[in-house]
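Enquirer: Going by our numbering, the sequence shown opens with residue 308, and the numbers climb by one from there. For each residue, glycine too, the CB sits at the ideal point set by N, CA and C. No experiment lies behind these values; they were computed from the predicted model shown.
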Amino acid sequence: MNDRYDAGAADHGADQYELVGYDEYGQPVYRQVRPQQSQQQTYDPYAQQTQQYDQGYGYDPYAQQGTQPPAYDYGAYDPYATGSHQGGGPAPGTAHDPYGRTTAAEATGRQPHAEQAAQQTAHIPQQTAHIPQQAGPAHGQEAPAEPQREYHTEQFAFVEEPDANSEDVIDWLKFTENRTERREEARRRSRSRIVALAVVLALVAAGGVGYLWYAGKLPGVSSDGSATGTATAAGAQKRDVIVVHLHDIKGDGTATALLVDNTTTQRGTTVLLPNSLALTSDDGTTTTLAKSVEDDGSDGTRDALDTVLGTDIEGTWRLDTPYLQNLVDLVGNIDVDTDTDVPDPAAKKKGTAPLVNKGREQTLSGKMAVAYATYRAPGEAQDAQLERFGQVLQSVLRKLSSDPQAATTTIQTLQQILDPSLTDKDLGTFLAGLSDLAKGGDFKTDLLPVRSDGTLSARTGAGIVRNVLGGTAKSPDKDAAVSVSVQNATGVADNTEKARVVLLNGGFTFLEGGTGTARATSQVVYADAAGKANATEVAKTLGLPAGSVTKGKVSGSADVSVVLGQDYKPSSD
308 MNDRYDAGAA DHGADQYELV GYDEYGQPVY RQVRPQQSQQ QTYDPYAQQT QQYDQGYGYD
368 PYAQQGTQPP AYDYGAYDPY ATGSHQGGGP APGTAHDPYG RTTAAEATGR QPHAEQAAQQ
428 TAHIPQQTAH IPQQAGPAHG QEAPAEPQRE YHTEQFAFVE EPDANSEDVI DWLKFTENRT
488 ERREEARRRS RSRIVALAVV LALVAAGGVG YLWYAGKLPG VSSDGSATGT ATAAGAQKRD
548 VIVVHLHDIK GDGTATALLV DNTTTQRGTT VLLPNSLALT SDDGTTTTLA KSVEDDGSDG
608 TRDALDTVLG TDIEGTWRLD TPYLQNLVDL VGNIDVDTDT DVPDPAAKKK GTAPLVNKGR
668 EQTLSGKMAV AYATYRAPGE AQDAQLERFG QVLQSVLRKL SSDPQAATTT IQTLQQILDP
728 SLTDKDLGTF LAGLSDLAKG GDFKTDLLPV RSDGTLSART GAGIVRNVLG GTAKSPDKDA
788 AVSVSVQNAT GVADNTEKAR VVLLNGGFTF LEGGTGTARA TSQVVYADAA GKANATEVAK
848 TLGLPAGSVT KGKVSGSADV SVVLGQDYKP SSD
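Given below as structure tokens:
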């Protein structure tokens, strides 16, 4: 069975068909055309042609302007692209139509169309033309003529027509692209914000570190530290220093402290000075701070402190206990973290409730503040009482007004007779500055450590003296003072400390001799005749009888050796 049109049917009056397009399955669609008068036309391959469309169904490559389209030879068309002919090979008249199939002109070396058609007619037997989709006619019979069909354009689908889904695809692509761009833009903004935040945090951190360094609050580099390389900077700082002597008019004792205002680092400090601190008196002999305050007065003590500490003290504030009580009452009581219970000095019966209770944030009146600042328990070192005095001082500064005029008025209200080197206005202004530092947390209290003989160690000099006071420690030559070794044989452990205080206040150098077996009488021993006078003076200072002085072997490197017996009666100092 052959589905092709008979190329020679046109010569015998059979119906002719022409290709009008392809259906939705890709199969060719034909329509029947009326027979035309046989007219021989010469094909001009070089003739200028224009592209025409037959009623919009297809492109005719052979159309010529002003002429009817030529009759096509459909016998050589293989709709299934089998590439075979009745003879088993490619048809000699095979042609390429506009859709890519080989044309007769190309197969025959572009011969004229009329000649090719004649050759095909002479060699191909007559067949009844039929539509390839239909079954062919029976052998030897003519196919009945089919009625002419009418086709409409809406029955065909063309490649050129846009698909309705294409708009949806374009919209989806645009949406996806826009969403991706928005995400990328959001990421870029986030990265920019993170970078900006990191820069701001770095600047804030650098500024904070710079401020802490300038204010001397940076750990390990503070103004009161002992880091290497800070000595020059500490010495170049500007400080205002005054010395305060607390006189207990009832207990006949003193406590001394230095108030320091470092205007360079904006920090304040109270430096507590033990009474055993060794100083050089006006006559060049070695003495203690407590004895200097008693014997040499304000001017002599201030000069001695400048010599030992290498400072420049600007004035002396003598604060007797009644004035301290009035000062606390004027500022409206103070809050102190007390470390012990303080009995009421006026109580006559035992078991009376203490005047000051131990605890945090204890509110003290003027009377309670004086009792706490001067209290020293039996057998307790003088440094413990000195630290309580420092607590009271710092609490008073926190409650004092930071306004210089108001602080000056408070000082004037006390009606003190101050040292000529320190006026009411100067003291009020100085205390107002320290009050501002104490309220801001830039104030602290330090205890100056001293050795048992009252001298300062190199570590002490590199620490508090150099960094806080900006001075250089220079203790008196220990050879200038008579060194006394003390052994406690009284059976009371506290007697050693009491003897040490008395000897230091007497200008002697104290050396610890340990504890011995209890004995009834005391003994003061010197090594040679030159040391007899010194031994006699030691016995007098300790309150021992002159008969206790004897010549003998002195222990260690001491000039005088003392063994305290049960006859030793320590003084109240």
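What does a CB cutoff of less than 8 Å around residue 660 pick up in its chain, not counting 5 residues either side in sequence?
Expert: 651
Enquirer: Could you tell me which uninterrupted alpha helix (DSSP H) segments, each at least 4 residues in length, are contained entirely in the segment 801 to 840, listed from first to last along the chain?
Expert: Counting only runs of 4+ residues, the alpha helix (DSSP H) found wholly inside the segment 801 to 840 occupies 802 to 812, in chain order.
Enquirer: Could you please give the first and the last residue of the uninterrupted alpha helix (DSSP H) stretch that includes residue 734?
Expert: 731 to 746
Enquirer: Okay, do the segment 610 to 623 and the segment 700 to 713 touch, 3+ Cβ pairs below 8 Å being the bar?
Expert: Contact annotation: the segment 610 to 623 does not touch the segment 700 to 713, with fewer than three C-beta pairs closer than 8 Å.
Enquirer: If you follow the beta strand (DSSP E) that residue 703 is in, where does it begin and where does it stop?
Expert: Unbroken run through residue 703 is the alpha helix (DSSP H), 689 to 706; no beta strand (DSSP E).
Enquirer: Kindly list the residues whose CB is nearer than 6 Å to the CB of residue 834, restricted to its own chain and excluding five residues on each side of it in sequence; keep chain order.
Expert: 861
Enquirer: Does residue 617 come out as helix, strand or coil in the three-state DSSP assignment?
Expert: Three-state DSSP puts residue 617 in coil, outside helix and strand.
Enquirer: Got a sec: does the ligand ADP put a non-hydrogen atom nearer than 8 Å to the Cβ of residue 581?
Expert: As far as ligands go, the structure on display features none, and thus does not contain the ligand ADP.
Enquirer: Work out the CA separation of residue 797 and residue 836 for me, nearest whole Å.
Expert: Answer to the nearest angstrom: the Cα atoms are 28 Å apart.
Enquirer: Where DSSP assigns a beta bridge to residue 507, which residues make up the other side?
Expert: Per DSSP, none; premise fails for residue 507.
Enquirer: Can you give me the start and stop residues for the beta strand (DSSP E) that residue 335 sits inside?
Expert: 335 to 340
Enquirer: Can you tell me which of 820, 684, 598 and 639 puts its alpha carbon nearest to the alpha carbon of residue 676?
Expert: 639
Enquirer: Are the CB atoms of residue 723 and residue 673 within a distance shorter than 9 Å?
Expert: Between residue 673 and residue 723, the gap from beta carbon to beta carbon reaches 9 Å or more.
Enquirer: For residue 850, which residues in the same chain have their Cβ closer than 7 Å to its Cβ, ignoring the five residues on either side in sequence?
Expert: Once the five neighbours on either side are set aside, the close Cβ partners of residue 850 are 876 and 878.
Enquirer: Looking at the unbroken beta strand (DSSP E) that takes in residue 861, where does it start and where does it end?
Expert: Note, residue 861: premise wrong, no beta strand (DSSP E); not H, not E.
Enquirer: Among 854, 823 and 806, whose alpha-carbon lies nearest the alpha-carbon of residue 816?
Expert: 806
Enquirer: For residue 790 versus residue 830, is the C-beta distance shorter than 9 Å?
Expert: Not closer than 9 Å, so no.
Enquirer: Note the first and the last residue of the continuous alpha helix (DSSP H) segment covering residue 562.
Expert: Here residue 562 belongs to no alpha helix (DSSP H); instead the beta strand (DSSP E) covers 560 to 569.
Enquirer: Taking C-beta to C-beta, are residue 568 and residue 560 nearer than 9 Å?
Expert: no
Enquirer: Count the other CB atoms, across all protein chains shown, that sit within 10 Å of the CB of residue 763; report buried if there are 16 or more and exposed otherwise.
Expert: buried
Enquirer: Return the chain-ordered list of same chain residues with a C-beta closer than 8 Å to the C-beta of residue 684, the five sequence neighbours on each side being excluded.
Expert: 647 and 691
Enquirer: Express the C-alpha separation of residue 489 and residue 386 in angstroms, rounding to a whole number.
Expert: Its pLDDT being 46, under 50, residue 386 is placed unreliably in this model, and the coordinates cannot settle the point.
Enquirer: Looking at the structure shown, is residue 516 part of a helix, part of a strand, or coil, going by DSSP?
Expert: helix
Enquirer: Tell me which same chain residues have a C-beta within less than 6 Å of the C-beta of residue 717, skipping the five on either side of it?
Expert: Within the same chain, 637 come within 6 Å of residue 717 by CB-CB distance, once the 5 residues on both sides are set aside.
Enquirer: Expressed to the nearest angstrom, what Euclidean distance is found between the alpha-carbon atoms of residue 874 and residue 828?
Expert: Their backbone Cα atoms lie some 5 Å apart in a straight line.
Enquirer: Considering just the uninterrupted stretch of the beta strand (DSSP E) at residue 679, what are its terminal residues?
Expert: Here residue 679 belongs to no beta strand (DSSP E); instead the alpha helix (DSSP H) covers 673 to 681.
Enquirer: If I'm right that residue 792 touches residue 865 with Cβ under 8 Å, what's the distance once you round it to whole angstroms?
Expert: 4 Å
Enquirer: Could you check which residue in 593, 588, 615 and 592 has the C-alpha nearest to that of residue 604?
Expert: 588
Enquirer: Given a cut-off of 9 Å on the beta-carbon distance, is the pair residue 812 and residue 802 in contact?
Expert: no
Enquirer: Taking buried to mean at least 16 other C-beta atoms within 10 Å of its own C-beta, is residue 635 buried or exposed?
Expert: buried
Enquirer: Within 10 Å of its beta-carbon, does residue 771 have 16 or more other beta-carbons around it, so buried, or fewer, so exposed?
Expert: buried
Enquirer: Based on the DSSP output, what are the partners of residue 751 in its beta bridges?
Expert: 576
Enquirer: If we count the other Cβ atoms within 10 Å of its Cβ and call it buried at 16 or more, is residue 852 buried or exposed?
Expert: exposed
Enquirer: How many Å lie between residue 670 and residue 820 at the Cα?
Expert: 43 Å
Enquirer: Excluding the 5 residues preceding and the 5 following residue 579 in the sequence, name in chain order all residues of the same chain whose CB lies nearer than 6 Å to its CB.
Expert: 564, 693, 697 and 754
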